[in-house]
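Working notes, beginning with the structure itself.
Chains as they are written, first to last, in this note's numbering: chain A, 1 to 288; chain B, 289 to 468.
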């Protein structure tokens with residue numbers, strides 16, 4: 001049974017308990033042991049990296065150092081946390097001078113970053129450590145081939161040498177549920193979440209570009225693996241009715257919700273009622 | 289067809305003339321020595337980064353121009369620009385750079401230099417304040433939603449004080465404190 005340090009960050013527990021619940025259920029189904037990390041809080045997001053590089057390094061190196069104590073890799077369901085942890089891991093692993101500087105801060109708590117465990121996204125751990133074949137064996141209610149557009153999210157994919165995540169992982173994770181992956185021109189494009197504090201209208205415009213591209217390419221549903229991207233693509237659709245007078249009616253599901261349903265979980269278990277754009281219609285696409 | 293009009297006045301330029309005396313020749317070294325800045329001088333101004341940027345169309349200074357401005361030493365213009373704060377941090381410019389210049393990372397470096405001079409949009413300082421005072425950007429308020437899903441009402445293991453303690457001693461503390 002694989003065991004991981006579960007790093008939740010701040011946004012998933014506060015805004016997406018349905019993501020958290022579905023992930024825990026999926027983990028249980030595959031005998032993955034996710035242990036909530038003790039003594040940690042927020043990663044600081046790219047905003048902290050922008051204004052306080054040392055503080056951002058220290059906060060995330062601290063999380064990594066705590067995980068190193070029990071020797072298990074970290075998994076997180078949030079692209080923001082994943083990006084922060086991966087970037088910090090990459091930087092401190094390659095820069096001895098900075099490692100020394102940051103470890104001097106961590107020493108106050110008796111901690112030290114050594115780089116002995118790896119921070120990972122939940123979906124990557126699922127893909128790599130369980131594998132598509134094993135995932136497939138437990139699927140009892142495959143989807144009927146319905147078209148799903150994947151929004152991977154910038155900090156899951158890039159910088160490639162840092163994240164080491166390949167988009168194919170998520171493609172295969174969607175296909176194994178029986179759904180089809182809908183390709184769309186703007187698949188690499190940002191959801192706009194990071195720019196909201198500086199220019200809200202620009203952030204909304206980017207979310208709209210994304211949704212438009214998905215819809216025009218024939219997507220019936222969207223999947224995300226990040227709470228910030230979820231806000232932009234799901235919640236923001238309600239705002240687009242006002243700002244752009246446009247309705248997309250594209251339900252947005254967190255990936256473990258889709259897999260959970262295909263594993264035979266009911267809609268309450270994966271918290272489907274919390275999705276902003278009503279997503280219940282996906283139940284009609286379950287077979288078996 | 290023959291030219292019928294003699295050119296009058298100075299030729300049109302795409303940007304304002306650069307004031308040579310105001311250039312800071314140390315700026316490129318400063319960025320060069322910062323995290324992931326080593327590849328800076330490999331830029332050959334092909335502007336692939338600008339082509340990759342989803343919002344370059346609304347920037348006065350395009351990504352490739354900002355890199356060129358760093359190399360030229362236009363420190364004030366770069367660090368005072370709104371563009372570095374509008375950067376989505378989507379890393380598309382960096383991914384596509386044929387010279388492996390870490391464009392997005394370099395813009396992070398620029399933001400840190402700007403922050404050291406107190407040039408940060410107030411909303412971003414506000415986020416720093418949240419982190420400093422609460423140790424996180426989002427706090428669970430609807431704990432019944434968590435309980436409905438059989439999750440603990442409070443996030444297990446959450447401990448905000450160590451994060452606050454770290455940030456008090458780093459630039460976040462100075463930035464937020466300075467605003468009081």
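A virtual CB, placed ideally from N, CA and C, is assigned to each residue, including glycine.
- Item | DSSP-derived helix/strand/coil call for residue 40 of chain A | Note: residue 40 of chain A maps to strand in three-state DSSP.
- Task: Report yes if the C-beta distance between residue 380 of chain B and residue 390 of chain B is below 8 Å; otherwise report no.
- Result: Taking 8 Å as the Cβ cut-off, residue 380 of chain B and residue 390 of chain B do not qualify as a contacting pair.
- Message: Buried or exposed, going by whether 16 or more other CB atoms sit within 10 Å of the CB of residue 283 of chain A?
- Response: Exposed, since its Cβ has fewer than 16 Cβ neighbours within 10 Å.
- Query: Between residue 399 of chain B and chain A, is there a C-beta pair that is closer than 8 Å?
  - Reply: By this cut-off, residue 399 of chain B is an interface position.
- Query: Within this structure, are the beta carbons of residue 130 of chain A and residue 30 of chain A separated by less than 8 Å?
  - Reply: Their beta carbons are under 8 Å apart, which means residue 130 of chain A touches residue 30 of chain A by this criterion.
- Run through DSSP, which three-state label would residue 406 of chain B get? Note: residue 406 of chain B maps to coil in three-state DSSP.
- Element boundaries [beta strand (DSSP E), containing residue 119 of chain A]: Where residue 119 of chain A is concerned, the enclosing beta strand (DSSP E) stretches over 119-121.
- Output, in chain order, the set of chain A residues within a Cβ distance shorter than 8 Å of residue 428 of chain B. Within 8 Å Cβ-Cβ: 13, 14.
- Query: What residues in the region 33-55 of chain A have a beta carbon less than 8 Å from any beta carbon of chain B?
  - Reply: For the region 33-55 of chain A, the set of residues with a beta-carbon nearer than 8 Å to any beta-carbon of chain B comprises 36, 37, 38, 39, 40, 41, 42, 44, 45, 46, 47, 48, 49, 50, 51, 52, 53, 54, 55, in chain order.
- Message: Once DSSP output is grouped into helix, strand and coil, what is the label at residue 328 of chain B?
- Response: Residue 328 of chain B: helix per DSSP, three-state reduction.
- Over the uninterrupted alpha helix (DSSP H) stretch that includes residue 15 of chain A, give me the two end residues. Taken as a continuous stretch (DSSP letters only), the alpha helix (DSSP H) holding residue 15 of chain A covers 11-15.
- Message: Given this structure, state the Cα-to-Cα distance separating residue 308 of chain B from residue 412 of chain B, to the nearest angstrom.
- Response: Distance between the alpha carbons of residue 308 of chain B and residue 412 of chain B is about 33 Å.
- Query: On the three-state DSSP scale, how would you describe residue 181 of chain A?
  - Reply: Note: residue 181 of chain A maps to strand in three-state DSSP.
- Item | Alpha-carbon to alpha-carbon, residue 170 of chain A and residue 125 of chain A | Distance between the alpha carbons of residue 125 of chain A and residue 170 of chain A: 11 Å.
- Message: Against chain B, does residue 202 of chain A count as a neighbour if the rule is that its beta carbon must be under 8 Å from one of theirs?
- Response: Yes, residue 202 of chain A counts as interfacial toward chain B.
- Item | Cβ neighbours of residue 55 of chain A in the same chain (closer than 8 Å, five flanking residues each side left out) | Excluding positions up to five away in sequence, the list reads 44, 48.
- Item | Continuous beta strand (DSSP E) assignments of at least 3 residues falling wholly in the region 66-143 of chain A | 74-76, 119-121, all fully within the region 66-143 of chain A.
- Message: My output table needs one value for residue 35 of chain A: the three-state DSSP class, helix, strand or coil.
- Response: It is a strand residue.
- Could you give the DSSP three-state label for residue 5 of chain A: helix, strand or coil? When secondary structure is reduced to three states using DSSP, residue 5 of chain A falls in the strand class.
- Task: Could you tell me whether the Cβ of residue 467 of chain B comes closer than 8 Å to any Cβ of chain A?
- Result: Its pLDDT being 46, under 50, residue 467 of chain B is placed unreliably by the model, and nothing is read from it.
- Take residue 285 of chain A and list the residues in its own chain whose beta-carbon comes closer than 7 Å to its own, dropping the five residues that flank it on each side. Excluding its 5 nearest sequence neighbours in each direction, residue 285 of chain A has C-beta neighbours in its own chain below 7 Å: 143, 144, 146, listed in chain order.
- Message: I want to know whether the region 85-102 of chain A touches the region 235-244 of chain A - three or more CB-CB distances under 8 Å.
- Response: Inter-segment contact for the region 85-102 of chain A and the region 235-244 of chain A is absent: fewer than three beta-carbon pairs are separated by less than 8 Å.
- is_contact[residue 389 of chain B, chain A] using C-beta, thresh 8 Å: Output row for residue 389 of chain B: interface = no.
- Work out the CA separation of residue 155 of chain A and residue 166 of chain A for me, nearest whole Å. A straight line joining the alpha-carbon of residue 166 of chain A with that of residue 155 of chain A spans about 12 Å.
- Please name the residues in the region 365-376 of chain B whose beta-carbon is closer than 9 Å to at least one beta-carbon of chain A, in chain order. Against chain A - using a Cβ distance shorter than 9 Å - the residues of the region 365-376 of chain B are 370, 372, 373, 374, 375, 376.
- Pick from A:1, A:65, A:51, A:50 that is closest to residue 7 of chain A, judged by C-alpha positions: For the set A:1, A:65, A:51, A:50, the Cα lying nearest the Cα of residue 7 of chain A is the one of A:65.
- Mind pulling the chain B residues with CB within less than 7 Å of residue 271 of chain A? Result: 437.
- Message: Given a cut-off of 8 Å on the beta-carbon distance, is the pair residue 445 of chain B and residue 38 of chain A in contact?
- Response: Between residue 445 of chain B and residue 38 of chain A, the gap from beta carbon to beta carbon is short of 8 Å.
- Using a beta-carbon distance below 8 Å, is residue 188 of chain A in contact with chain B? For residue 188 of chain A, the answer is yes, since a Cβ of chain B falls inside 8 Å of its Cβ.
- Short-range partners of chain A found in the region 315-328 of chain B, where Cβ spacing is below 7 Å: Within the region 315-328 of chain B, the qualifying residues are 323.
- Query: In three-state terms, what does DSSP make of residue 306 of chain B?
  - Reply: Three-state DSSP puts residue 306 of chain B in coil, outside helix and strand.
- Task: Following the continuous alpha helix (DSSP H) through residue 228 of chain A, name the residue where it begins and the one where it ends.
- Result: Residue 228 of chain A -> alpha helix (DSSP H) spans 227-230.
- Measure the C-alpha to C-alpha separation of residue 453 of chain B and residue 406 of chain B and round it to an integer number of angstroms. Between residue 453 of chain B and residue 406 of chain B, the C-alpha separation is close to 21 Å.
- Show which residues of chain B have a CB atom less than 9 Å away from the CB atom of residue 18 of chain A. The answer, in chain order, is 433, 437.
- Query: If you measure from the beta carbon of residue 383 of chain B to each beta carbon in chain A, is any gap under 8 Å?
  - Reply: Answer yes: the Cβ-Cβ gap between residue 383 of chain B and chain A drops below 8 Å somewhere.
- Should residue 458 of chain B be listed as close to the ligand ZN, given that the test is whether its C-beta is under 7 Å from any heavy atom? The ligand ZN is absent from the structure shown, which contains no ligands of any kind.
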